[in-house]
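Worksheet for the structure shown next.
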Amino acid sequence: MTLLKAKDLTKKYEDKTVVNHVNFEFQEGNCIALIGPNGAGKTTILRTLAGLLKPTSGSIIFNGKENQDFRAFIGYLPQYPVFHPWMTGLEFLIYSAQISNFSKKEAKQRAENILHKVGIADAKNKPISKYSGGMKQRLGIAQAIIHKPKLLMLDEPVSSLDPIGRREVLTLMEELKQDMTILFSTHILSDADEVSDELLLLNQGEIVESGSMKGLREKYQTSMIELEFQFDRDSYLEKVQDIPSVNLVKVERNILFVSANDIEKVRNDILTLAAKENWPLMSFQVNRASLEDMFMKVVNQSCNG
Amino acid sequence: MTLFKKEMVENWRNKKWVWVPLVFILLAVMDPISNYYMADILGAVGGLPDGAVFEMPDFTPPEVVMMSLGQLSSLGVLIIVLISMGTISGEIKNGVSELILVKPISYTNYITAKWTALMLLSWGALIIGMLGSWYYINILYGEISIADFLSTVFFYGLWLTFIVSLSIFFNTISKTPGLVAFLTILTIMVMSALTKVFQHLLEWSPNNLSSYIMQMLIEGNIPSNLTGTALTTVGLSILLLIFSIVIFRKREIAN
Chain P
3 MTLLKAKDLT KKYEDKTVVN HVNFEFQEGN CIALIGPNGA GKTTILRTLA GLLKPTSGSI
63 IFNGKENQDF RAFIGYLPQY PVFHPWMTGL EFLIYSAQIS NFSKKEAKQR AENILHKVGI
123 ADAKNKPISK YSGGMKQRLG IAQAIIHKPK LLMLDEPVSS LDPIGRREVL TLMEELKQDM
183 TILFSTHILS DADEVSDELL LLNQGEIVES GSMKGLREKY QTSMIELEFQ FDRDSYLEKV
243 QDIPSVNLVK VERNILFVSA NDIEKVRNDI LTLAAKENWP LMSFQVNRAS LEDMFMKVVN
303 QSCNG
Chain E
1459 MTLFKKEMVE NWRNKKWVWV PLVFILLAVM DPISNYYMAD ILGAVGGLPD GAVFEMPDFT
1519 PPEVVMMSLG QLSSLGVLII VLISMGTISG EIKNGVSELI LVKPISYTNY ITAKWTALML
1579 LSWGALIIGM LGSWYYINIL YGEISIADFL STVFFYGLWL TFIVSLSIFF NTISKTPGLV
1639 AFLTILTIMV MSALTKVFQH LLEWSPNNLS SYIMQMLIEG NIPSNLTGTA LTTVGLSILL
1699 LIFSIVIFRK REIAN
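Chains as they are written, first to last, in the working numbering: chain P, 3 to 307; chain E, 1459 to 1713.
Put into structure tokens, the structure is as follows:
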């Protein structure tokens, strides 16, 4: 079922168009990554969906209803969440739950549960002004999910965290995926690769590519074989090039990068030859195109086109 | 209700409920006391030539009440403007509102909670300050009846109500607290100038509240102009509040 649909969404500031006639939709239960370089309009789109900005034109259809106040069904974490520093973490969560229309008793219960879930229960009675960056980020996620929203929107949820915090938040997102639809923005491609099922690629305010992770992989598939030799790279270089339909792409230290239209056949040819002649191979790898390659390709295309 | 409670707790924890009333007491009792002891102070400090006779004017109680109100009208109003200038604009500027206003709260509640909390603080400080002033006036100058005291506080409180509403209004327009304070004070000054220039047309301008309160204290009954001015002030405050809500609904919260 379609949870959210953006129709011709446009946001202009004076003469600058930040989001330009964007159309997309996603299904309930998916995890969608909004990726794009800095300044592509990711934050603007999220803020517009959250109701913090009003679109210049276009409309948002949530759960089949057009342009209505659906704040009760969304959770939102801004890129740099700011809290009331004089509140404690627990107080802020109770407050968040109460303004989401829960009774005081239920708000308290939810706050306690969520504090455990995001792992800051030990600091619940400390004022937020004493929290570290990672703790604030987790408190931010906690306030966004305290009312069990249908749609959770996270703006760059991991980019400001250290590796440990990053891992923890990604694990938390994996968990939350079971309960709600997640839309998150990032410019770190490996994060998108890790948790999302679907991608929206944004560049200069326009969606330049979108689809499921799997579909996009297939579309931009340019498999490559990586051959690493222990020594004497050059003498094998020719032998590899002699194999029919092989394209040598580049040579890096002792590694040869090879591509071909029929990757299956070339792989077998190389392996047979290597076994027969006893090549000093260190490693043999067939690479799929990474998200980054796809990203560069798409962004360059849209810049040139 | 939750929003209102949060405002009250915030004003309590950042000690506004302590220092604002204290400053109001100070402002309200300063003139009654210093004027009463002026002769003694001058004598103690010295500097008067021998034999100089210095006639201190005798103030009537209503005059002293007006002195207290005069202090509140300048510094007291300034304090109210300063404590209210960031109540909404500051939250939008630093980004807290991005977390609060994406929750399903009503914009009307958000504005009225802020307004009510500031009203309570201003009225509380006014009542406490004027109680101090009343105490010293009764000891040092002569009696002001309870009825006169209460109506003075009530009518003057309307002026503060108007200031709070004006500040909330500018809070919904600007996202810079300093600009809110500037616009509020500018408006008060422009209104005061207009009231003086067009005296006969603007008899019920809120700026006239003080002078009608004085008239009330001297004559001993509530002049009809005071009633009219009070109603105008209340009306303007309500209008400002409605405008604030309407503007805030249409406003973009993020920067």
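Even for Gly, the Cβ is constructed at its ideal location relative to N, Cα and C.
query: Per DSSP, which residues does residue 312/P bridge with? Please list them.; result: Only positions 3 to 307 of chain P appear in the structure, and residue 312/P is not among them; the question remains open.
query: Using the three-state DSSP reduction, which class does residue 1493/E fall into: helix, strand or coil?; result: helix
query: Quick one, are the C-beta atoms of residue 1594/E and residue 1483/E less than 8 Å apart?; result: no
query: Looking at C-alpha atoms only, which residue of 214/P, 132/P, 171/P is the closest neighbour of residue 121/P?; result: 171/P
query: Using the DSSP secondary-structure output, state which residues sit across from residue 1647/E in a beta bridge.; result: DSSP, once it has assigned bridges, lists no residue as partnering residue 1647/E.
query: Mind checking if residue 70/P is an interface residue toward chain E, Cβ cutoff 8 Å exclusive?; result: no
query: For the stretch 1584 to 1592 of chain E and the stretch 98 to 110 of chain P, state whether three or more C-beta atom pairs, one from each stretch, are separated by less than 8 Å.; result: no
query: What residue does the alpha helix (DSSP H) around residue 1540/E start on, and which one ends it?; result: 1535 to 1542
query: On the three-state DSSP scale, how would you describe residue 1679/E?; result: coil
query: How long is the line joining the alpha carbons of residue 78/P and residue 1480/E, rounded to whole angstroms?; result: 41 Å
query: I want to see whether chain E comes within less than 8 Å of residue 171/P, judged by CB atoms only; does it?; result: no
query: Assuming the contact rule is C-beta atoms closer than 8 Å, residue 69/P and residue 61/P should be a hit. Round their C-beta distance to whole Å, please.; result: 5 Å
query: With a threshold of 8 Å between beta carbons, is residue 127/P in contact with chain E?; result: no
query: Just tell me which of 27/P, 28/P, 46/P, 194/P has its CA closest to the CA of residue 19/P.; result: 46/P
query: Quick one: what's got a C-beta closer than 7 Å to residue 193/P's C-beta in the same chain, skipping five residues either side?; result: 160, 172
query: Mark residue 307/P as exposed unless 16 or more other C-beta atoms lie within 10 angstroms of its C-beta, in which case mark it buried.; result: Because the pLDDT at residue 307/P is just 49, under 50, the model does not fix this residue reliably, and the value given afterwards should be weighed accordingly. Burial call: exposed.
query: Against chain E, with Cβ distances strictly below 8 Å, would residue 225/P count as a contact?; result: no
query: So, for residue 316/P: in the same chain, excluding its five sequence neighbours on each side, which residues have a beta-carbon less than 8 Å away from its beta-carbon?; result: No answer is possible for residue 316/P: the residues shown for chain P start at 3 and end at 307.
query: Looking at C-beta atoms only, is the number of pairs between the stretch 32 to 46 of chain P and the stretch 194 to 201 of chain P that lie closer than 8 Å three or more?; result: yes
query: Check whether the Cβ of residue 85/P lies closer than 8 Å to any Cβ atom in chain E.; result: yes
query: Taking contact to mean at least 3 C-beta pairs separated by less than 8 Å, is the stretch 1464 to 1471 of chain E in contact with the stretch 203 to 223 of chain P?; result: no
query: Where do the N-terminal and C-terminal ends of the beta strand (DSSP E) with residue 14/P fall, by residue?; result: 4 to 15
query: Examine chain E for any beta-carbon lying closer than 8 Å to the beta-carbon of residue 307/P, and answer yes or no.; result: Residue placement at residue 307/P is flagged as unreliable, the pLDDT there being 49, under the threshold of 50; a coordinate-derived value is accordingly withheld.
query: Between which residues of its own chain and residue 56/P is the CB-CB distance below 7 Å, once the five residues before and five after are set aside?; result: none
query: Using only the alpha-carbon positions, how far apart do residue 1515/E and residue 1525/E sit?; result: 14 Å
query: Got a sec, what are the start and stop residues for the alpha helix (DSSP H) residue 1587/E sits in?; result: 1565 to 1598
query: Got a sec: which bits of the stretch 1549 to 1579 of chain E sit with their beta carbon under 8 Å from any beta carbon on chain P, in order along the chain?; result: 1552, 1553, 1554, 1556, 1557, 1558, 1559, 1560, 1561, 1562, 1563
query: How many whole angstroms separate the CB atoms of residue 145/P and residue 178/P, which I take to be in contact at a CB cut-off of 8 Å?; result: At roughly 14 Å, the Cβ-Cβ gap does not stay under 8 Å, so residue 145/P and residue 178/P are not in contact.
query: Per DSSP, what kind of secondary structure is residue 83/P in: helix, strand or coil?; result: coil
query: Please return the same chain residues whose Cβ sits closer than 8 Å to the Cβ of residue 141/P, not counting the five positions on each side in sequence.; result: 83, 85, 91, 94, 95, 120, 122, 130, 133
query: Could you please give the first and the last residue of the uninterrupted alpha helix (DSSP H) stretch that includes residue 217/P?; result: 215 to 221
query: On a CA-only basis, which of 1596/E, 1613/E, 1493/E is nearest residue 1680/E? Give me that one, please.; result: 1613/E
query: My assumption, with CB atoms under 8 Å, is that residue 1500/E sits in contact with residue 1533/E. Please give the rounded CB distance.; result: Contact flag wrong, Cβ pair sits at about 24 Å.
query: Among 1535/E, 1552/E, 1603/E, which one has its Cα closest to the Cα of residue 1581/E?; result: 1535/E
query: For the beta strand (DSSP E) holding residue 194/P, just list the boundary residues, first then last.; result: No beta strand (DSSP E) contains residue 194/P, which is instead part of the alpha helix (DSSP H) from 191 to 197.
query: Around the C-beta of residue 1703/E, are 16 or more other C-beta atoms found within 10 angstroms, so that it is buried, or is it exposed?; result: buried
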